[in-house]
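When the sequence shown is numbered by the working numbering, its final residue is 454 and no position is left out of the sequence of numbers.
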Amino acid sequence: MATVGSQSESVATDQALPQERIDSSAAVISDDVEAILDEYDVFREVCPVAYTNHYGGYWLMTRYEDIKAAALDSETFISSVRAVIPSDPRGLRRPPLNFDAPNHTPYRTALDRTLKPARIKRLADRLEQHAQALLSSLLQRQQGDICTEFAAQFAAWVETEWLNLTPDTAPRLASTASAWVNAWRQMDGEKTTFYSTQLYDIARAVLADRREHPRDPEVDPTSSLLLERSSNGEPLEEIHLVGCIRQSLVVGMVAPPLMLGGICNYLSGDQQLQQRLRDDPSLIPAAIEEFVRMFSPYRGFARTVSKETVMYGQTIRLGVPMSPTYSVANRDPAVFNDPHRFVLNRPNIAMHLGFGRGRHRCVGQPLAKLYVHVASDGVAPRPG
71 MATVGSQSES VATDQALPQE RIDSSAAVIS DDVEAILDEY DVFREVCPVA YTNHYGGYWL
131 MTRYEDIKAA ALDSETFISS VRAVIPSDPR GLRRPPLNFD APNHTPYRTA LDRTLKPARI
191 KRLADRLEQH AQALLSSLLQ RQQGDICTEF AAQFAAWVET EWLNLTPDTA PRLASTASAW
251 VNAWRQMDGE KTTFYSTQLY DIARAVLADR REHPRDPEVD PTSSLLLERS SNGEPLEEIH
311 LVGCIRQSLV VGMVAPPLML GGICNYLSGD QQLQQRLRDD PSLIPAAIEE FVRMFSPYRG
371 FARTVSKETV MYGQTIRLGV PMSPTYSVAN RDPAVFNDPH RFVLNRPNIA MHLGFGRGRH
431 RCVGQPLAKL YVHVASDGVA PRPG
């Protein structure tokens with residue numbers, strides 16, 4: 071198996087852009103959104119599969135069709151080696167995100183069972199109450215940080231309600247998940263472990279309670295998981311059950327708050343669209359789809375190939391991660407006309423990859439859409 075270093079040397083002279091140019095690109099190292107988007111446009115045109123040495127080395131994909139194809143081909147582009155960039159500094163693997171089929175399937179089936187339309191509809195009323203309670207102090211002060219004081223706190227309530235946790239869990243989850251994410255971003259293994267251990271404690275407690283007091287598996291993810299069996303017909307292993315619950319605790323704590331921040335920032339500069347959505351709430355679902363396309367928050371999902379694969383003349387070797395970056399695909403002008411502009415009722419909006427595709431499409435998609443819908447309605451209340 072080739073090492074990351076030898077792979078870097080082998081592609082440095084073959085890529086359409088010099089290695090130094092790629093490694094110093096805003097698409098790789100910057101947090102400046104406009105600069106990142108500009109660089110993605112350059113890469114897409116002249117270097118659609120680019121290798122960078124950052125985070126141990128990985129390939130960056132920038133064309134919609136390539137990214138979609140990789141997401142749909144779960145036999146070649148697998149998740150069990152690397153599923154995010156940067157990876158958890160401790161190298162832990164949790165289902166279903168870090169598993170491939172058939173090992174991935176029972177976990178996915180169990181979670182999907184609790185996210186059917188009827189369940190989502192029942193959650194809506196309670197979530198609206200939480201949203202209004204969180205917003206009341208911001209509205210009274212007429213100022214505040216919408217991401218930290220509302221979006222992250224509301225995300226914790228969404229997770230708490232979906233997983234049927236006790237009310238005191240929500241504020242604990244919000245603060246712990248935030249600290250864990252920051253430690254992960256800084257690749258601080260010690261702090262990542264410290265905060266992750268607290269999340270694991272919550273997961274173990276929930277699993278122990280549901281073993282003793284099982285609930286309706288149609289509405290309780292942990293009880294649903296306990297019904298499932300592995301591909302060999304055996305009960306799912308304790309370590310993986312805890313890992314899946316732990317994964318579920320934070321699955322909605324990262325992306326939805328970031329996306330809501332992008333939405334609020336955009337709406338603050340488009341008073342006309344704000345008023346239009348207030349006057350006609352039936353437009354909100356279409357607006358949310360376009361917002362998801364424009365503000366897909368993840369840049370770092372990853373796959374590795376199960377066999378050497380050649381793309382645009384570059385050999386992708388086993389073990390070297392690839393980033394099928396959905397936010398880049400959603401700005402591809404070959405698919406979305408005028409991709410950097412908000413277009414309500416965009417004709418091909420269903421083609422966006424904001425929630426991925428294939429076996430690893432976002433399991434929480436229905437919950438995420440409910441989050442954005444309730445939150446958007448709360449932060450932009452209609453007169454009267």
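Backbone N, C-alpha and C define an ideal beta-carbon position, used for all residues, glycine too.
Under DSSP, the alpha helix (DSSP H) around Ser248 begins and ends at which residues? For Ser248, the uninterrupted alpha helix (DSSP H) segment begins and ends at Thr239 to Arg255.
So what does DSSP say about Pro394, is it helix, strand or coil? Strand at Pro394.
Answer yes or no: does any C-beta atom of chain D fall closer than 8 angstroms to that of Ser248? Absent here is chain D; the protein component of the structure consists of one chain.
Would you mind sorting Gly303 into buried or exposed? The rule is 16 or more other CB atoms within 10 Å of its CB. Using a 10 angstroms sphere on the CB of Gly303, the tally of other CB atoms stays under 16, which defines it as exposed.
For Ala171, the nearest candidate out of Ala180, Ile190, Ser150 and Lys191 (CA to CA): A check of alpha carbon separations from Ala171 across Ala180, Ile190, Ser150 and Lys191 identifies Ser150 as the nearest.
Considering Val154, what are the terminal residues of the alpha helix (DSSP H) in which it resides? Boundaries for Val154: no alpha helix (DSSP H) harbours it, and the DSSP string shows neither H nor E there.
Assumed close pair Pro327, Ala249 - CB separation to whole angstroms, cut-off 8 angstroms: In fact, because the Cβ distance is near 14 angstroms, the residues do not count as touching under 8 angstroms.
Assign Phe406 to one of three DSSP states: helix, strand, or coil. In the three-state DSSP reduction, Phe406 falls in the coil class, being neither helix nor strand.
Quick one: is Asp350 buried, meaning 16 or more other Cβ sit within 10 Å of its Cβ, or exposed? By the C-beta density criterion, Asp350 is exposed, having fewer than 16 other C-beta atoms within 10 angstroms.
In this structure, how does DSSP classify Pro305 when only helix, strand and coil are distinguished? Here Pro305 sits in strand by DSSP.
Whose C-beta lies closer than 8 angstroms to the C-beta of Ala244 among residues of the same chain, with five residues either side of it excluded? Ala222, Gln223, Ala225, Ala226 and Met323, listed in sequence order.
Between the CA atoms of Val276 and Leu235 - distance to the nearest angstrom: If you take the alpha carbons of Leu235 and Val276, they lie about 8 angstroms apart.
Tell me which residue opens and which closes the beta strand (DSSP E) that His130 is part of. In the sequence as presented, His is not what sits at residue 130; that position holds Leu. Residue range Tyr128 to Met131 is occupied by the beta strand (DSSP E) that includes Leu130.
Since Pro391 and Thr374 should fall inside the 8 angstroms C-beta cutoff, what is the C-beta to C-beta distance between them, to a whole number of angstroms? Pro391 to Thr374, Cβ: 6 angstroms. Contact.
Run of the alpha helix (DSSP H) containing Tyr336, from where it starts to where it stops: Per DSSP, Tyr336 belongs to the alpha helix (DSSP H) from Ala325 to Ser338.
If we call anything under 8 angstroms between Cβ atoms a contact, is Ile190 one with Pro394? Not a contact, by the Cβ cut-off of 8 angstroms.
Do you know whose CA, among Glu231, Gln202, Leu233 and Arg346, lies nearest Glu459's CA? In the structure as shown, the chain begins at 71 and stops at 454. Residue 459 is therefore absent and cannot be evaluated.
Please go through the same chain and pick out, in chain order, the residues whose beta-carbon is closer than 7 angstroms to the beta-carbon of Val251, but skip the five residues on each side of it. Hits under 7 angstroms: Val324.
Do you know offhand how far Ser446's Cα is from Leu330's? Cα atoms of Ser446 and Leu330: separation of roughly 8 angstroms, rounded to the nearest angstrom.
What is the DSSP secondary structure of Tyr121, reduced to helix, strand or coil? Residue state, collapsed to three classes: strand.
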